[in-house]
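One structure is given below, encoded as structure tokens.
2 protein chains.
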Amino acid sequence: MPPRTARSRRPRPRPAAPAPARQADAGSLFAAPLRHRTLEELAYEHIRTALVQGKLAPGQRIVASAVARAAGISRIPVLQALRRLESEGFVRINPHRDVVVSGLSREEFRERFLLMAALEALCLREADGKIAPATLQQLRALQAEIGVARRAGDTARAVSADGRFHRMLWEVSGLRQVVQVLQNVWDRGEYYRVIMHARRGSFAAESLAEHEEILKALEAGDTARAARAVERHRLRAMERLAETT
Amino acid sequence: MPPRTARSRRPRPRPAAPAPARQADAGSLFAAPLRHRTLEELAYEHIRTALVQGKLAPGQRIVASAVARAAGISRIPVLQALRRLESEGFVRINPHRDVVVSGLSREEFRERFLLMAALEALCLREADGKIAPATLQQLRALQAEIGVARRAGDTARAVSADGRFHRMLWEVSGLRQVVQVLQNVWDRGEYYRVIMHARRGSFAAESLAEHEEILKALEAGDTARAARAVERHRLRAMERLAETT
DNA sequence: CCGGCGTCGATTGTATACAGCGTATTCAAT
DNA sequence: ATTGAATACGCTGTATACAATCGACGCCGG
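So the sequences go chain by chain: A and B. So the first sequence is residues 1 to 245, counted in this note's numbering. So the second sequence is residues 246 to 490, counted in this note's numbering.
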């Protein structure tokens, strides 16, 4: 059932590539295609943010019509956003019944840590020769920020900086799709991360030491060692979480 | 708009339900919750199948209204399906303009092989102690099927069996979410896999030898070695693809 | 007390209608 | 000839309306 749209009179010659760069060097501005912002996208981001921030707890219901009414839009874009969130694993849609926020079982949790360990290590192995001095500086700054926030008892800020630290680690690899997977896995765990830190009351000191290992390896230009270090870091984080629960 | 509850009291006509299986001993059947099948799901599977099988080539347009008309449904479920396919990377939605089938750049391709290598290796490492003799037999059978199909010149069948071989490798790990990621990555590459094999006319002989390595390691119970072997296999497959292109 | 049965209300699923955007075409102005 | 505005058309985006389904409640007869 190929969509044969042979009924249009004029064959619209669609350029294979968007061909944004005309002649002038407008390339650097508008690197992104400058897409239109649809209500569906807004709804998606709205709900996703709420999910990641833990404002919607696992098991809780999401009523499309209520969301739509609150946002002043119709249900259609909300439903579409929910479909996308379902395919990302954030919610579960029970047809004709309801939409509930997905949780993670103990097993799924463990699996996610394994996944992240493997992918973070891949990122660092692939980062060989791509690490700019400025990046190292930024990583150092983030590491310092975590330390400061931790000592100040500002757990939320420490967690936030930790997230930025890791994202930066991923991104030096230049592996965009891997980063996207990692980001998604990370975000789905965010709820539990917040819970855990609230429960133990502080950001783990061991975590800082492990970051230090990674940084040292990177500064020495030894990405293989850094990869092993980040893998250990992730697996230990898993154990820490397990014992907190 | 408050929900008007002036629900008319029409006696619903009840138009002859699809007559589900009569009340038999439905205990063991229907172990799965038997979710309702929505049009959106059907549309999703329909389009996804067409994409994976290469009936829709990258760059080609997908017109929601045409698909809907062909399927005899409205555009809404089709649009929802397309949203899901977009979040999985299969298509790209240009708001108010069109929906096009996504391709993969050379870089993205390479990245996907790295991703698969890392995850397949993870699966095999995690498979330690979970490999039933029956599984090994099935793997052997698939390996044999690939060989037979290859010698018979039935490339399509060899490719299909190769896919089943790998999926089985993944599944012994029991890591469902990782398997899902792998499946998605694999499926998105299916189009190119078909193209490549059509171009070179046969299934690679080296691939069989590399499978053999994996199998030998598994039969010896050495999952670590199997993990290394599958990683090599994947990276060599990447090189083979590169030189074919 | 209890189990079947019908109804109701809540919620999602889908069709239809229309609005809005993007692109090509046309045509006037420079 | 090139540029710019106006227009037409195809497509997607969204609102509204209605249908289908599920779960709960209550009625009723045992």
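All C-beta atoms, glycine included, are put in the ideal place defined by N, C-alpha and C. Treat the numbers as computed from the prediction; the structure is a model and nothing was measured.
According to DSSP, simplified to helix, strand and coil, what is residue i?
i: residue 148 of chain A; result: helix
i: residue 38 of chain A; result: coil
i: residue 300 of chain B; result: coil
i: residue 187 of chain A; result: helix
i: residue 47 of chain A; result: helix
i: residue 203 of chain A; result: coil
i: residue 387 of chain B; result: helix
i: residue 18 of chain A; result: Because residue 18 of chain A sits at a pLDDT of 36, beneath the cut-off of 50, its placement in the model cannot be relied upon, and the point is left open.
i: residue 349 of chain B; result: coil
i: residue 194 of chain A; result: helix
i: residue 222 of chain A; result: coil
i: residue 216 of chain A; result: helix
i: residue 414 of chain B; result: helix
i: residue 407 of chain B; result: helix
i: residue 242 of chain A; result: helix
i: residue 377 of chain B; result: coil
i: residue 472 of chain B; result: helix
i: residue 372 of chain B; result: coil
i: residue 114 of chain A; result: helix
i: residue 122 of chain A; result: helix
i: residue 480 of chain B; result: helix
i: residue 420 of chain B; result: coil
Assuming residue i contacts residue j under a Cβ cut-off of 8 Å, what Cβ separation, rounded to an integer in Å, is found between them?
i: residue 335 of chain B; j: residue 433 of chain B; result: 6 Å
i: residue 191 of chain A; j: residue 58 of chain A; result: 7 Å
i: residue 330 of chain B; j: residue 292 of chain B; result: 6 Å
i: residue 403 of chain B; j: residue 389 of chain B; result: About 11 Å separates the two Cβ atoms, so there is no contact after all.
i: residue 471 of chain B; j: residue 462 of chain B; result: 4 Å
i: residue 355 of chain B; j: residue 347 of chain B; result: Not really, about 16 Å apart at Cβ, beyond 8 Å.
i: residue 287 of chain B; j: residue 295 of chain B; result: Not confirmed; about 13 Å, so no contact.
i: residue 83 of chain A; j: residue 425 of chain B; result: Contact doesn't hold; Cβ gap of about 17 Å is too wide.
i: residue 133 of chain A; j: residue 283 of chain B; result: No, residue 133 of chain A and residue 283 of chain B are not in contact; Cβ-Cβ is about 53 Å, not under 8 Å.
i: residue 232 of chain A; j: residue 210 of chain A; result: 7 Å
i: residue 384 of chain B; j: residue 480 of chain B; result: Their Cβ separation, rounded to whole angstroms, is 21 Å, which puts residue 384 of chain B and residue 480 of chain B out of contact at 8 Å.
i: residue 136 of chain A; j: residue 219 of chain A; result: 6 Å
i: residue 229 of chain A; j: residue 213 of chain A; result: 4 Å
i: residue 45 of chain A; j: residue 422 of chain B; result: Rounded, the Cβ-Cβ distance is 23 Å, inconsistent with contact.
i: residue 87 of chain A; j: residue 332 of chain B; result: 5 Å
Which same chain residues, not among the five before or five after residue i, have their C-beta less than 7 Å away from its C-beta?
i: residue 261 of chain A; result: Residue numbering for chain A in the displayed model covers 1 to 245; residue 261 of chain A lies beyond these limits and cannot be assessed.
i: residue 343 of chain B; result: 306
i: residue 313 of chain B; result: 319, 320, 323
i: residue 420 of chain B; result: 368, 371
i: residue 392 of chain B; result: 453
i: residue 444 of chain B; result: 489
For residue i, which residues in the same chain have their Cβ closer than 6 Å to its Cβ, ignoring the five residues on either side in sequence?
i: residue 427 of chain B; result: 364, 415
i: residue 164 of chain A; result: 142
i: residue 418 of chain B; result: 368, 371, 372
i: residue 65 of chain A; result: 75
i: residue 221 of chain A; result: none
i: residue 71 of chain A; result: none
i: residue 396 of chain B; result: none
For residue i, I'd like the list of residues in its chain whose CB is within less than 8 Å of its CB, leaving aside the five on either flank, ordered along the chain.
i: residue 299 of chain B; result: 435, 436, 439, 440
i: residue 446 of chain B; result: 400
i: residue 349 of chain B; result: 303, 357, 433, 434, 437
i: residue 153 of chain A; result: 202
i: residue 308 of chain B; result: 343, 344
Short of 8 Å Cβ to Cβ, which residues in the region 174-193 of chain A face chain B? The residues in question are 175, 176, 177, 178, 181.
Taking only runs that begin and end inside the region 60-101 of chain A, name each unbroken beta strand (DSSP E) of 3 or more residues, in chain order. Counting whole runs of 3 or more residues, the region 60-101 of chain A contains the beta strand (DSSP E) stretches 91-94, 98-101.
Which residues of the region 44-58 of chain A have a Cβ closer than 7 Å to any Cβ of chain B? Give them in chain order. Result list empty, no residue passes.
Using a Cβ-Cβ cutoff of 8 Å, what residues of the region 463-475 of chain B are near chain A? List them in chain order. Result list empty, no residue passes.
When you check each C-beta in the region 363-394 of chain B against every C-beta of chain A, which residues fall closer than 8 Å? Flagged, chain order: 363, 364, 366, 367, 371.
Give me the subset of the region 85-97 of chain A whose CB atoms are less than 7 Å from a CB atom of chain B, sorted by chain position. Taking 7 Å as the Cβ-Cβ cut-off against chain B, the residues of the region 85-97 of chain A that qualify are 87, 88, 95, 96.
Using a Cβ-Cβ cutoff of 9 Å, what residues of the region 105-116 of chain A are near chain B? List them in chain order. Within the region 105-116 of chain A, the residues whose Cβ lies closer than 9 Å to some Cβ of chain B are 107, 108, 111, 112, 114, 115, listed in chain order.
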